[in-house]
Structure formats: structure tokens, C-alpha cells
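Working notes, beginning with the structure itself.
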Amino acid sequence: MKRAKLKIEILTVIFCSLIFAFSEKNNSIYADEVLTDMELPTGRLVFEEETEEAADEDYESIEESDIAEQSLLRTADIAADDWNKYGSDYFYDQLSDEEKAYWNALDVICEKYLTTETDAVTTKSGAYRMQAISGSTLAKAQQKNVLLMFRYSNPQYYFLNATVYTISYSNDTISLVFGIYPAFENGTDRMEKTEKVKEQVDAWQEQIDQCSKDYEKVKKIHDLICEKVYYNQALVNSDFATESTEYSQSVYSVFCTDKTVCAGYAQSFAMMCNGSGIDTAVVTSSNHEWNKVKICSSWYNVDCTWDDQSDGYYYNFFVKSDEFYDTYSSWSKTCHTEEDYWEGYLPVCTLDSGATQTDPGKIPIEGHTIVTDAAVAASCETTGLTEGSHCSVCGEILTEQTVIPATGHTPVKDAAVAAACETTGLTEGSHCSVCKTVLVAQKVIPAAGHKWSEYRESGKVKRKCSVCGKTETVRTLPKVKMVQLSKTSYTYDGKSHMPAVKVTNSAGKKLKEGTDYKIKKPSGRKNAGIYTVTIEMKGDYTGKYQKTFQIIPKGTAISSVKAKKKAFSVSWKKQAKQTSGYQIQYAVDAKFKKSVVAKNVNNTKKVKLDVSKLKAKKKYYIRVRTYKTVKVNGKSKKIYSGWSKVKAVTTKK
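Just so we're aligned, residue 1 is where the sequence shown starts under the UniProt record's numbering, counting upward by one.
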């Protein structure tokens, strides 16, 4: 976008070799190159300084946790919110801890104005400013240096104007802060303006992000700014009489009014570069602002103001060295001589892009971090590459790699292989002797297979091939590993019982009744007694196994226990069916581990027993069970029911 014609004062014009063209409008003079002795525009407004006593708001403490968080986020290179990325920490990183603390406090306050509806502080003269910072021990000169560096490093705080306030506290300390434009003093109104700024910033950022290299991004930002704004010559001519509504010292003039001066150009350029991840600083002279930008690993100067002419924009001052700015003209040297407070903080710009009026130039080879791209040897099928190089920072190719053609294959014959009983064969084929790539694939001829005949030997089933003579064991005849009954004890209930039989072989396989074994069941299996089950193996299995289970008599229960003098009597319920008698057991502990005594009653009709000769006042535990006497292999054997519940009794004295 073009702007109002610049008022150009020609101090000295001695150009013999340049061809001039005169425009029809205002008789403005143009040439193939920008005239080196023209007073190109500036427009940096010298800060106005005011002094006043601290207001109530200035005594409000800034949370130390907020300041510490700002410091931590900067150390970790993390943006606290989407706005912080538009600032630069280049100067911050060079400060002392105390200076950083003051910077962080300024940042906390300004971030509050940027992201909340906090109103500005009203001065005694009716102007507006930001909240001051109480308790700083920095000298006034130090505070001012930090304040100015903070301002030029954080252009996203668009609401700050060109007035510096010295706020004095009752304890004789001071705080230097910036004024705020009247249009931005109200928090609610300011939030609307912030959204307006962000809308334009996001629109530009979307275009910038489409550029793949930092140099392209820097050029895009330069061009976007120059296309959009007019140089506000009328404001400069009026000695900034309407600055309070023109905002020329703020990025707001670029993003929202389309009229600005060098301050707006430089600050908006820095804001968009930093937002795109390119470290950029705003630098000031006594009357001018411009930028220093880091591309790849080197720093360069950019002056959008001087590149933006009335008939379009150019690249005379784009990505240039310090020497270029100092020697371009005496006016350039004057306007680009940094103010004293920058001493020791600024990067040195030794390299130059070689940009001209119409050519944006490029980063010189010295400005890149060169990485060698190793040569790649060509192979039979794939091409190779000669050695090249690129920049590890921006990715620009410095020495292009040339393609080396593929060498082609060297064929070798692969002989055919006859198939055997077990192994496959192959047809004839070929491959490359260099890269081993198969050129003619050999097809597999299936194995012929054995011609087996089976026989048994040493407890194994074997077989032999009649073609190749190979012998092998088909299987080892299995052995029985385990024979078990599903249950080995039942309680007499008048019914017949027979547990299930489970047989497994040495491989853990469960065998099948009828196929692998047969069962001979014992007769009866109804009355109390011990019964034997016979399992006889068959088929591939041999052997005979016998397993027993028992049917025990039904148990009884204690009816009563009565304590006596050094004695007790116990009664139980009668249980006569399939029962030969009862067994009474008593002990001095509930688990029947100590002093256990058992007494048998060989009469099912007798349901009471007196036990004497015991200790006086001693507690005894008693339980009862039934038993049945049966014949096993011609011998009598008792089988018992389960125990009754335990009863306890304490003998009398």
C-alpha cells in the first residue's frame, strides 16, 4: 500500500552517473537507486519525562510468585501465553539478577494490562500510566536502561506511550514506568483493542508460516509491513501534536491505523519476527528506530522505514551490515548511531546480504553454519550423489549434489538343484555378483517325500524309507503316569457310590475309558466299608491298577456335657445304622494337641460316658465320632466318621 508523499529535503546532490525520473505528482525525484544524501524519514519521538508521587495502586505488591514464574519461564524458554512469544529475551539474558527482577515485575504488570480488564493508573494531571514497582533498589539510571530495553523488547505491549514517569515513594525509593495512551486506559475498551491487534497479527502469522526458511519469513514480514502502512509525515511535521490518538510509537499504528513512523515499523517488524521464532531486537538512535535480526547464526540490520518509499518498497536497507549503514551516507550514519545505553548489549552485524533496491539479496556463505552432505556411491540399481553442503540452521543448499548414474548389474548363473526325499530342489536362475540382486528367480521344486514302512522295536514305533534308507522313531509307546479316583471318601446315606476314574499318560494326556483302559467296579458300594476299584490298561498301554475308596459311618453330635467333681459326663445322640460304636476324645486345648485321651464305646445303644480322675477346676474340650469295624484282607479295621462339634467343660473342685 502506498502512503502520502514524503517530504524530501535534498541537502547535497552531486550525482553525475544517475538517471533521474521526475514524477508528475509533487515533482518528487526518484532514481535507479535511493539517493544517498537524502534525509530519509525517521520519527522516533523523544521520551517525555514526568515525576509524581506514588498513588495507592503503586503500593499494591506484585506477587513474588508471579515474578519468579516469569523468570522460570524465561530460563526454560517457555511462553507464559500466546503473547509472550512476540517479545525478545536477547537483552534480558545479559542483565544482572536485580535488573532481571525489575524487568520481570514490569512484564507481570504489562501482561496484566494486556490480558485482563485492569484499568490504568490515573496521574494527577489526568494522564494515564502503568502501575509502579515498589521496593526496587536499582539506581534511577539503571531503572531507566532496563525500562527502555524492556519497552523495545516487548512491542506486544502496544498500549505504552512515549512518556516515562518517575514515581517517588514515601521511603525515598523510586520506580520508573511508562505512560499509557488515553484510548487504552479503560480495561474493557483495551481488551477490544487487544483483540483487534491479535486479529491482524494472526492474519499475518498465517502468511508468514507458509514460508519455509527464516530468510523468506524475514522478507515476508518486511513486505507485509511496507505494503500495509503509510509513513505519517503529517504527524512528524506537526511535531507529534496528535500523538495521543495516532499511536505512532506503538505497533497499534501499524496493525490498526495504517499510519506510522519508524517506531511503528521497527516494533511491528520485531514483534512478527520474534513471533515466528526469529530473534529480533529494536534499536534506537537519537531520532530513529530500526532492527537487528538474527538469521541462521549471524545478526543483520533491517530498516523497513527507509525501504518503504512513496512509490513502493525496496530492499536497500534489508539484511545489511553495520558498515553499510555507517558508510551509506552521513545521514545514515547519524540516524543509525545507537544511543549510549545500548553500549555493550548490541550484537555486531559484520555480514551483508548484498540486497539492492529491487533484489532482497541472500545470506552470505559466512552467515551459514555449513554441514557437509556426504557423497553417496552409485549402486547397480540406484543413483549416487556427489559431495555437497547445506546450512544446518536454515536448511539452504550451499553446494548442490550432482546425481551419479546407476552402474547396472553383473549377471552370474545359479545352477539347478535336484529335489530329494526331504529337501526341495531349484530350477536354474541368475543373480548380480556385485549387489546380489536376483535377476532370474530360481523356482522351488517340491521335495519328493519318503516311502515309509513301519515296525516296532524296543518299545518304540519306528519307520524306514525304502528310497534313502532313513530311519526314525515315530513314537515311543506311552506309559501310564497317574491313576486317580475323583473321590476317596463318602458318608453313609443308604445309597450306592462310585467315584469317577481319571487316567493320564506321561505326556499329561487324559486317557479314554474303553479305548485305553477298562474298569472293574467292586460290588455293593452302599454300606460303610473300604472298596477296591480295578483299572486294567489296554491298547498302547499295559498294566493293572487298584484304587480304594471308603464309605464312612454317619457321625453323631454331643447332646450335653455335665461338670462333676474332678470329672465330667458326656452324652451324645444315638447312631446305630452302619455303626459299630463310638469314640470319645478329650484334651486340655481346643486344638487337641495337649493331653489328648480317646475312649471307645463298643455299644451303639450306649450314648453316655462318665470320665473321672481328672484335675479339679480344669477346662476340658470334648468331641465324639462313630466308627464301623470292617474286614480288609481278612483283618478287622475301624473306619471313622467325622468329629462332632467340640464342647467344653470345667471340672468341679
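Idealized CB from N, CA, C, for every residue including glycine.
Note that the structure is a prediction, hence the values are computed from the model and not measured.
Who are the near neighbours of residue i in its chain, counting only those whose CB is closer than 8 Å to its CB and skipping five residues on each side?
i: V371; result: S389, H390, C391, S392
i: V601; result: G581, Y582, Q583, I584, L609
Do residue j and residue i have their beta-carbon atoms positioned less than 8 Å apart in this structure?
i: V483; j: C421; result: no
i: Y113; j: R190; result: yes
i: A296; j: D322; result: Strictly speaking, residue 296 in this sequence is Cys, with Ala absent from that position. No, Cβ-Cβ distance for C296 and D322 is not below 8 Å.
i: V251; j: Y315; result: no
i: Y92; j: S175; result: no
i: I445; j: T424; result: yes
i: K292; j: P347; result: yes
i: C226; j: P41; result: no
i: I535; j: I551; result: no
i: I62; j: A105; result: yes
i: E53; j: Y165; result: no
i: A448; j: A419; result: yes
i: K618; j: T650; result: yes
i: T188; j: E117; result: yes
From the DSSP output, in three-state form, read off residue i for me.
i: E24; result: In this prediction, E24 scores a pLDDT of 32, lower than 50, which makes its location untrustworthy; the coordinate-derived value is nonetheless stated afterwards. Here E24 sits in coil by DSSP.
i: W643; result: coil
i: N161; result: strand
i: C273; result: helix
i: W290; result: strand
i: Y314; result: coil
i: C296; result: coil
i: Y621; result: strand
i: Y90; result: coil
i: W83; result: coil
i: A281; result: strand
Which residues in the same chain have their Cβ closer than 7 Å to the Cβ of residue i, if we skip the five residues on either side of it in sequence?
i: E366; result: L351
i: P182; result: Y128, S244
i: K594; result: A587, V588
i: G543; result: V480, M537
Can you give me the start and stop residues for the alpha helix (DSSP H) that residue i sits inside?
i: A105; result: 97–115
i: H497; result: It is not in any alpha helix (DSSP H) - H497 carries neither H nor E in the DSSP assignment.
i: H222; result: 214–228
i: K140; result: 140–153
i: Q233; result: 233–237
i: K333; result: 330–335
i: S304; result: The displayed chain sequence assigns Cys, not Ser, to residue 304. From DSSP, the alpha helix (DSSP H) with C304 extends over 304–307.
Kindly indicate the opening and closing residues of the beta strand (DSSP E) around residue i.
i: residue 665; result: What the structure shows of the chain is the stretch from 1 to 653, and residue 665 is not part of that stretch, so it cannot be assessed.
i: F184; result: No beta strand (DSSP E) contains F184, which DSSP labels as neither H nor E.
i: V251; result: Counting along the chain, V251 falls outside any beta strand (DSSP E), and DSSP gives it neither H nor E.
i: C349; result: Segment: none, C349 is in no beta strand (DSSP E) and carries neither H nor E.
i: C432; result: 429–432
i: V440; result: 438–440
i: C391; result: 388–391
i: residue 699; result: It is not possible to answer for residue 699, since the shown part of the chain is limited to 1 through 653.
i: E246; result: That residue, E246, is in no beta strand (DSSP E); its alpha helix (DSSP H) goes 243–246.
i: G634; result: First-last for G634: undefined, no H or E at that position.
i: G135; result: That residue, G135, is in no beta strand (DSSP E); it is neither H nor E in DSSP.
i: A598; result: 597–601
i: D414; result: 411–414
Where does residue i land, buried or exposed, given buried means 16+ other C-beta within 10 angstroms?
i: N603; result: exposed
i: V597; result: exposed
i: G555; result: buried
i: A141; result: exposed
i: K565; result: exposed
i: S560; result: exposed
i: D214; result: buried
i: S433; result: exposed
i: residue 674; result: Missing from the structure shown is residue 674; the chain here goes from 1 to 653 and no further.
i: S641; result: buried
i: residue 655; result: Given a span of 1 to 653 for the chain in the structure shown, any question on residue 655 remains unanswerable.
i: R456; result: exposed
Spatial neighbours of residue i within its chain, please: CB distance less than 6 Å, with the 5 preceding and 5 following residues excluded, ordered by chain position.
i: P411; result: S430, L439
i: A557; result: K573, S644
i: K502; result: Q484
i: T407; result: A378, C380
i: T629; result: S580, S636, K638
i: Q267; result: P155, V251, V282
i: Y621; result: A587, A590, V646, A648
i: E387; result: A375
i: D77; result: In this prediction, D77 has a pLDDT of 49, which is less than 50 and means its spatial position is unreliable; nothing more can be read from the coordinates.
i: V34; result: In this prediction, V34 scores a pLDDT of 43, lower than 50, which makes its location untrustworthy; no coordinate-derived value is stated.
i: E428; result: A416
What do you reckon, is the C-beta of residue i under 7 Å from a heavy atom of the ligand SAM?
i: V254; result: In the structure shown, the ligand SAM is absent, as is every other ligand, since no ligand is present at all.
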